[in-house]
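Protein sequence lines correspond, in order, to chains A and B. Letter by letter, the first sequence follows residues 1 to 109 of the numbering used here. Letter by letter, the second sequence follows residues 110 to 223 of the numbering used here. One structure is given below, encoded as structure tokens.
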Amino acid sequence: SQQGEEDPQALSIQEGENATMNCSYKTSINNLQWYRQNSGRGLVHLILIRSNEREKHSGRLRVTLDTSKKSSSLLITASRAADTASYFCATGGGSRLTFGEGTQLTVNP
Amino acid sequence: GAGVSQSPRYKVAKRGQDVALRCDPISGHVSLFWYQQALGQGPEFLTYFQNEAQLDKSGLPSDRFFAERPEGSVSTLKIQRTQQEDSAVYLCASRSRQGLYEQYFGPGTRLTVT
Chain A
1 SQQGEEDPQA LSIQEGENAT MNCSYKTSIN NLQWYRQNSG RGLVHLILIR
51 SNEREKHSGR LRVTLDTSKK SSSLLITASR AADTASYFCA TGGGSRLTFG
101 EGTQLTVNP
Chain B
110 GAGVSQSPRY KVAKRGQDVA LRCDPISGHV SLFWYQQALG QGPEFLTYFQ
160 NEAQLDKSGL PSDRFFAERP EGSVSTLKIQ RTQQEDSAVY LCASRSRQGL
210 YEQYFGPGTR LTVT
């Protein structure tokens with residue numbers, strides 16, 4: 001079963017715009033990860049945020065975590081066509097990852 | 110270094126056939142995971158190995174699914190008497206050691222049962 005939900009399910013933007021996607025989860029966590037999946041490179045780890053962190057940056061990525069609301073958001077700034085992919089949040093990591101259903105991002109050139 | 114590789118990349122099986130899917134993890138990675146991904150969904154956990162020991166197989170959907178990693182490196186996921194509902198992408202991932210959370214995924218095997 002899926003850990004939670006991501007919204008929106010699909011997002012279409014123009015190159016250069018920012019993209020924000022959200023993830024909600026159900027159980028308490030130690031950390032939350034974001035992964036990207038496209039047909040070219042498969043599923044790739046983007047960033048991990050620990051439960052005692054509220055915000056984390058990596059390049060054009062910014063992740064926030066609100067453990068009181070059991071939610072996280074991923075912001076991609078200055079999007080590029082190459083950012084077109086599905087984005088998944090995932091919790092766990094000890095013996096398994098539990099993924100959300102993903103947000104399909106399309107960046108139009 | 111090479112990433113996680115999986116073979117075959119595509120497999121078409123007739124209902125009732127047995128299939129075997131192979132995963133070569135990153136060299137030296139202790140942990141290995143199998144996930145099943147249905148179309149339009151996120152991956153769902155199937156099973157987890159630490160070295161050759163299968164520590165968690167709670168995600169395997171039925172006793173038709175069997176996974177092994179006899180020498181703590183290559184792993185095989187076997188599905189017996191395939192059914193149409195087994196059609197999915199099967200993803201393998203590896204992780205270098207306990208205590209780290211990032212998993213490295215292979216390209217997957219797309220299984221279609223006709």
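Cβ atoms here follow ideal geometry from the backbone N, Cα and C, with glycine treated the same way.
Asked: Residues of the stretch 133-147 of chain B in Cβ contact with chain A at a cutoff of 9 Å, in chain order, please.; Found: Ser140, Phe142, Tyr144, Gln146
Asked: So with CB distances below 9 Å, who are the chain B contacts of Glu101 of chain A?; Found: Gly149, Gln150, Gly151
Asked: Between Ala202 of chain B and Leu65 of chain A, what straight-line distance do the alpha-carbon atoms span, to the nearest angstrom?; Found: 25 Å
Asked: Please identify, using Cβ separations under 7 Å, the residues of the stretch 24-40 of chain A that lie next to chain B, in order along the chain.; Found: Asn31, Gln33
Asked: Compile a chain-ordered list of the residues in the stretch 152-166 of chain B whose CB is closer than 7 Å to at least one CB of chain A.; Found: Pro152, Phe154, Tyr157, Leu164, Asp165
Asked: Cβ of Gly93 of chain A less than 8 Å from any chain B Cβ?; Found: yes
Asked: Mind pulling the chain B residues with CB within less than 7 Å of Gly42 of chain A?; Found: Phe214, Gly215, Pro216, Gly217
Asked: Which bits of chain A does Leu200 of chain B rub up against, with CB to CB less than 7 Å?; Found: Leu43
Asked: Do you know whose CA, among B:Val222, B:Val139, B:Phe214, lies nearest Leu200 of chain B's CA?; Found: B:Phe214
Asked: Measure the alpha-carbon distance for Ile188 of chain B versus Arg131 of chain B and round it to whole angstroms.; Found: 12 Å
Asked: Counting C-beta neighbours from all protein chains within 10 Å, is the total for Ile49 of chain A 16 or more, i.e. buried, or is it exposed?; Found: buried
Asked: Between the Cα of Tyr195 of chain B and those of B:Lys123, B:Phe158, B:Glu177, B:Leu209, spot the shortest distance and give me the residue it belongs to.; Found: According to the sequence provided, residue 195 of chain B is Asp. The question's Tyr does not apply to it. Comparing Cα-Cα distances from Asp195 of chain B to each of B:Lys123, B:Phe158, B:Glu177, B:Leu209, the minimum goes to B:Lys123.
Asked: Under 8 Å, Cβ to Cβ, is there at least one residue of chain A near Tyr210 of chain B?; Found: yes
Asked: Taking the CB atoms as reference points, tell me whether Val63 of chain A and Ser51 of chain A lie closer together than 8 Å.; Found: no
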